[in-house]
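Asks:
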Amino acid sequence: MRVSLFITCFNDTLFPQTGRAMVTLLERLGCEIDFPQAQTCCGQMHTNTGYREQGDALTRRFERVFADSEMVVSPSAS
Numbered sequence: 001m002r003v004s005l006f007i008t009c010f011n012d013t014l015f016p017q018t019g020r021a022m023v024t025l026l027e028r029l030g031c032e033i034d035f036p037q038a039q040t041c042c043g044q045m046h047t048n049t050g051y052r053e054q055g056d057a058l059t060r061r062f063e064r065v066f067a068d069s070e071m072v073v074s075p076s077a078s
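Residue 1 is where the sequence shown starts when you use my numbering, and the numbers rise one by one after that.
#1: DSSP three-state call for Glu63: helix, strand or coil?
#2: Expressed to the nearest angstrom, what Euclidean distance is found between the alpha-carbon atoms of Ile7 and Arg20?
#3: Take the Cβ of Phe15 as the centre, count every other Cβ of all protein chains shown within 10 Å, and call the residue buried at 16 or more, exposed below.
#4: What would DSSP say about Asp68, mapped onto helix, strand or coil?
#5: Per DSSP, which residues does Val3 bridge with? Please list them.
#6: Within the chosen definition, does the segment 23-33 reach the segment 50-62 through at least 3 CB pairs nearer than 8 angstroms?
#7: Taking the alpha-carbon positions, what's the Ser4 to Met22 distance?
Right, dumping it as structure tokens:
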């Protein structure tokens, strides 16, 4: 199975080891991993704090970057 890995800005900033652990786990499960280099923030923090226009722009970018992904996996509960 091919999965696209989305590492949230929160995880990347505070817990960078999480992304490495995700790669190890997914490879162990036999997944082929894609990491789109164009990924950025998904816009959730912007939207949640009242910056809806900026958050919507980031959400649309996320949709474009991952549009061709078979499955998106992210180490985030939100």
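Glycine is no exception: its CB is placed at the ideal position from the N, C-alpha and C atoms.
Replies: Taking the geometry as given:
#1: helix
#2: 10 angstroms
#3: exposed
#4: In the structure shown, Asp68 sits in coil (DSSP, three-state: anything other than H, G, I, E or B).
#5: Ile33
#6: No, the segment 23-33 does not touch the segment 50-62.
#7: Whole-angstrom Cα-Cα distance: 11 angstroms.
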